[in-house]
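**Q**
Residue numbers (my numbering), protein chains in the order written: chain A, 88 to 483; chain B, 40 to 286.
1. Which bits of chain B does residue 401 (chain A) rub up against, with CB to CB less than 9 Å?
2. In chain order, which continuous runs of the alpha helix (DSSP H) of length 4 or greater are located wholly inside the segment 128-205 of chain B?
3. Sorted by chain position, which residues of the same chain lie with C-beta nearer than 6 Å to residue 249 (chain B)'s C-beta, five sequence neighbours on each side aside?
4. State yes or no: is the C-beta of residue 113 (chain B) within less than 9 Å of the C-beta of residue 149 (chain B)?
5. When DSSP labels each residue in this structure, what does residue 80 (chain B) get in the three-state scheme?
6. Which residues of the segment 67-97 of chain B have a Cβ closer than 8 Å to any Cβ of chain A? Give them in chain order.
7. State buried or exposed for residue 303 (chain A), treating a residue as buried only when at least 16 other CB atoms are found within 10 Å of its CB.
8. Which of the three DSSP states, helix, strand or coil, is assigned to residue 365 (chain A)?
9. Can you look up residue 270 (chain A) in the DSSP assignment and give me helix, strand or coil?
10. Quickly, what does DSSP pair residue 174 (chain A) with across the bridge? List them, please.
11. What distance in whole Å lies between the Cβ atoms of residue 218 (chain A) and residue 281 (chain A), which are believed to be in contact at a cut-off of 8 Å?
12. Which residues of the segment 443-467 of chain A have a Cβ closer than 9 Å to any Cβ of chain B? Give them in chain order.
13. If you check the beta carbons only, do residue 110 (chain B) and residue 153 (chain B) fall under 9 Å apart?
14. Could you check if residue 81 (chain B) is buried or exposed, using at least 16 other CB atoms within 10 Å of its CB as the buried criterion?
15. Is residue 152 (chain A) buried or exposed, if buried means 16 or more other CB atoms sit within 10 Å of its CB?
16. Grab the span of the alpha helix (DSSP H) containing residue 457 (chain A) for me, first residue to last.
17. Roughly how many whole angstroms lie between the Cα atoms of residue 276 (chain B) and residue 151 (chain B)?
18. What is the DSSP secondary structure of residue 216 (chain A), reduced to helix, strand or coil?
19. What whole-angstrom Cβ distance do residue 254 (chain A) and residue 313 (chain A) have, given they're in contact under 8 Å?
20. Mind checking if residue 258 (chain A) is an interface residue toward chain B, Cβ cutoff 9 Å exclusive?
21. Given that residue 405 (chain A) touches chain B, what residues does it touch there, using C-beta distances under 7 Å?
22. Could you check how far apart the C-beta atoms of residue 348 (chain A) and residue 193 (chain A) are, in whole angstroms? I think they sit under 8 Å.
23. Please return the same chain residues whose Cβ sits closer than 8 Å to the Cβ of residue 263 (chain A), not counting the five positions on each side in sequence.
24. Based on the DSSP secondary-structure assignment, which residues constitute the bridge partners of residue 119 (chain B)?
25. By a C-beta neighbour count over all protein chains shown, 10 Å radius and 16 as the cutoff for buried, is residue 299 (chain A) buried or exposed?
26. Check each candidate in A:399, A:120, A:296 and A:439 and name the one with the smallest Cα separation from residue 203 (chain A).
27. For chain B, check one thing: does any of its Cβ atoms lie closer than 9 Å to the Cβ of residue 141 (chain A)?
28. Would you kindly report the start and end of the unbroken alpha helix (DSSP H) that includes residue 322 (chain A)?
29. Nearest-angstrom Cα distance between residue 166 (chain A) and residue 290 (chain A)?
30. Tell whether a beta-carbon distance below 9 Å holds between residue 63 (chain B) and residue 405 (chain A).
31. Between residue 154 (chain A) and the rest of its own chain, which residues show a CB-CB distance below 7 Å, the 5 nearest in sequence each way excluded?
32. State yes or no: is the C-beta of residue 103 (chain B) within less than 9 Å of the C-beta of residue 164 (chain B)?
33. Quick check: is the beta carbon of residue 361 (chain B) nearer than 9 Å to any beta carbon in chain A?
34. Can you give me the start and stop residues for the beta strand (DSSP E) that residue 97 (chain B) sits inside?
35. Ends of the alpha helix (DSSP H) at residue 433 (chain A)?
36. Following the continuous alpha helix (DSSP H) through residue 203 (chain A), name the residue where it begins and the one where it ends.
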């Protein structure tokens, strides 16, 4: 690529006195942006298919299974369908704002991918304020959604947009406070720095570092659900009351953008939790080749993220929607005070055990294992109660 | 203190109920889906799994139609159009028109109830979608046919006897409410040649199985009881046995 750029410079494609460094930098930036875009957009689309299959199985249905093997190409068919539809702008809408809003939402979904720590050397920009950036940038979504709700000139859209704004801004606070315990322990805001402070084994994850961190991880995950308008916090697009909320008047590609951003943001929220609490890409150093090592780390990171994405689908298949007052009281009466207690508790903990406490880590890990085992026992009990055989078959 | 205890009780309730709720949905996640992938990805056609008394699209066995017009008169919405004439020379009834408008039909079954031979009956077919209303009118007569005349004694033509047997089974079923199983093939075969006509006296009037007689044969028409010996008692106890499950 450098040779190709050199030949372009020699032919004077960039003016008489080009600066090679600037051109290389721009070319790399464009290439990386393209790669990320080409990863992020299909990912967000394929997740729609996975989600529909998971819900279907939770409801004892099969889900989309006609387009391609097991319906895998459903996302492609849906995408084409949306692109082929007419892009309607209502006559009374504020047309420029109406057209602009979906792009802001997608921008807020694409930007965090820049600091996603996929592997030890696979990160577009390891900002030293990475975690701050990743909490700040998705807040652009508020502007996009509020703009969409306002510009639609429709009461449902407006209520949806305002609910969304209230929700995202409220839950930013517990989410931010849930991040600080980790920052307190590591003393860095860089995504890679936080991951490097953890180990590959679960007892070295910050999830199990101390009880406060465990609670913080739960709060961060639930706040992530709320910020992405996921069930049980999908009030902004509550079908039964608001039609489709802020997306009511949208059609065609612009409608698709909103939902692509929503599903993509699931991954972002999961990646934040994985980075902060679940050890990120940490993988035991079993191979020498750095290239292979990076691949293994990438797989680890993606698997952890996909598991959390799966959990959020699972929650969507389980919990009903909360009321707006319940949502607000959950945030302000429960999450915010508990987050502050967590922050204080972690500060005291770090003062007492600056390098962590092995005994607590093991205790927390065994507590986590016990919870998982108890959960599995409950699952088996419920399956037995229905007198159904276990049927582990993900593709049917 | 109460508010303080409530606060922690809320947290505990939220955690435990979500924990159990997630376990419930996870137990569904590992079960086999219930979906029947109608119409293509199913082991047997849906039509073949429906009960014998399923009220699908009407069909007429013209070979055993007596031309009595009972169905025409019984139809509450006049979707059956029949024309029957008497041939002056041969003194035979000739059916020249037998149309059923499936678009109008409401599948009430009142036409098959009075049919003496069971010629008009519901099938298990239900996929009747079409592009024009006209094509939904089923015309059973291409050229006028002579109406069936019940014989004294067994029916000589085996093909007609088979139709008659099936038809009489259909008629007979009205007398036994609750039995919705098709007759066992083994039981149906030996009676093909000996199937009695509607007005023909049965060779050996043996009462049907006691359970069925107690259930529904009290108000059974004579023809139904008479034709019972044709079918061996095997299917009846089976139907009676199924009853507690259905109830």
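From the three backbone atoms N, C-alpha and C, an ideal C-beta is built for every residue, glycine too.
**A** This is what the structure gives:
1. The residue you call residue 401 (chain A) lines up with position 314 of the first chain. 61, 64, 65 and 68, listed in chain order.
2. none
3. In the second chain, counting from the first residue as 1, residue 249 (chain B) sits at position 210. With a pLDDT of 43 at residue 249 (chain B), under the threshold of 50, the modelled position of that residue is not reliable, and no figure is offered here.
4. Taking the second chain and counting its residues from 1, one reaches residue 113 (chain B) at position 74. Taking the second chain and counting its residues from 1, one reaches residue 149 (chain B) at position 110. A contact, by the Cβ cut-off of 9 Å.
5. Translated into the one-based positions of the second chain, residue 80 (chain B) becomes position 41. Here residue 80 (chain B) sits in strand by DSSP.
6. Here the close residues are 67, 68, 69, 70, 71, 72, 73, 74 and 76.
7. Here residue 303 (chain A) refers to the residue found at position 216 when the first chain is read from its first residue. Under this definition residue 303 (chain A) is a buried residue.
8. Position 278 of the first chain, counting from 1, holds the residue named residue 365 (chain A). DSSP places residue 365 (chain A) in coil when its eight states are reduced to three.
9. Residue mapping note: residue 270 (chain A) aligns to position 183 of the first chain, counting from 1. Correct three-state label for residue 270 (chain A): helix.
10. In the first chain, residue 174 (chain A) corresponds to position 87, counting from 1. According to DSSP, residue 174 (chain A) bridges with nothing at all.
11. Your numbering for residue 281 (chain A) matches position 194 in the first chain. Your numbering for residue 218 (chain A) matches position 131 in the first chain. Indeed they touch by this definition, with Cβ atoms about 7 Å apart.
12. Correct list: 458, 461, 462, 463, 464, 465, 466 and 467.
13. Working through the second chain from its first residue, we reach residue 110 (chain B) at position 71. Working through the second chain from its first residue, we reach residue 153 (chain B) at position 114. Taking 9 Å as the Cβ cut-off, residue 110 (chain B) and residue 153 (chain B) qualify as a contacting pair.
14. Walking along the second chain from the start, residue 81 (chain B) turns up at place 42. So residue 81 (chain B) ends up on the exposed side.
15. For the purposes of this step, residue 152 (chain A) is taken as residue 65 along the first chain, with counting starting at 1. In this structure residue 152 (chain A) is buried. Its beta-carbon is surrounded by 16 or more other beta-carbon atoms within 10 angstroms.
16. Your numbering for residue 457 (chain A) matches position 370 in the first chain. Residues 445-472.
17. Numbered from its first residue, the second chain carries residue 276 (chain B) at position 237. Numbered from its first residue, the second chain carries residue 151 (chain B) at position 112. Annotation note: pLDDT 43 at residue 276 (chain B) (below 50); position unreliable, coordinate value reported separately. The straight-line gap from Cα to Cα measures roughly 25 Å.
18. Start at 1 with the first residue of the first chain, and residue 216 (chain A) comes out as number 129. In the structure shown, residue 216 (chain A) sits in coil (DSSP, three-state: anything other than H, G, I, E or B).
19. As a first step, residue 254 (chain A) must be located in the first chain, where it is residue number 167. As a first step, residue 313 (chain A) must be located in the first chain, where it is residue number 226. Correct: roughly 6 Å between the Cβ atoms.
20. Counting from 1 along the first chain, the entry for residue 258 (chain A) is found at position 171. Cβ-Cβ to chain B under 9 Å: no for residue 258 (chain A).
21. Here the question's residue 405 (chain A) lines up with position 318 in the first chain. Those within 7 Å of residue 405 (chain A) in chain B are 60, 61 and 64.
22. Locating residue 348 (chain A) in the first chain gives position 261, counting from the first residue. Locating residue 193 (chain A) in the first chain gives position 106, counting from the first residue. Residue 348 (chain A) to residue 193 (chain A), Cβ: 5 Å. Contact.
23. Residue numbering aside, residue 263 (chain A) sits at position 176 when the first chain is read from its first letter. Same-chain partners within the cutoff: 222.
24. Residue mapping note: residue 119 (chain B) aligns to position 80 of the second chain, counting from 1. Bridge partners of residue 119 (chain B): B:139.
25. Indexing the first chain from 1 puts residue 299 (chain A) at position 212. Burial call: buried.
26. In the first chain, residue 203 (chain A) corresponds to position 116, counting from 1. Answer by Cα proximity: A:120.
27. Translated into positions along the first chain, residue 141 (chain A) becomes position 54. Answer yes: the Cβ-Cβ gap between residue 141 (chain A) and chain B drops below 9 Å somewhere.
28. Here residue 322 (chain A) refers to the residue found at position 235 when the first chain is read from its first residue. Careful: residue 322 (chain A) lies outside any alpha helix (DSSP H) and carries neither H nor E.
29. The sequence position of residue 166 (chain A) within the first chain is 79, counting from 1. The sequence position of residue 290 (chain A) within the first chain is 203, counting from 1. Those two C-alpha atoms are separated by around 42 Å.
30. Within the second chain, the letter at position 24 stands for residue 63 (chain B). Within the first chain, the letter at position 318 stands for residue 405 (chain A). Taking 9 Å as the Cβ cut-off, residue 63 (chain B) and residue 405 (chain A) qualify as a contacting pair.
31. By 1-based counting over the first chain, the position of residue 154 (chain A) is 67. The residues are 160, 161 and 164.
32. Counting from 1 along the second chain, the entry for residue 103 (chain B) is found at position 64. Counting from 1 along the second chain, the entry for residue 164 (chain B) is found at position 125. Not a contact, by the Cβ cut-off of 9 Å.
33. Nothing can be reported for residue 361 (chain B), as the shown portion of chain B is limited to 40 through 286.
34. The sequence position of residue 97 (chain B) within the second chain is 58, counting from 1. Its beta strand (DSSP E) spans residues 97-99.
35. On the first chain, residue 433 (chain A) is found 346 positions in, with the first residue counted as 1. 423-439 is the extent of the alpha helix (DSSP H) around residue 433 (chain A).
36. Taking the first chain and counting its residues from 1, one reaches residue 203 (chain A) at position 116. Neither: residue 203 (chain A) is in no alpha helix (DSSP H) and is coded neither H nor E.
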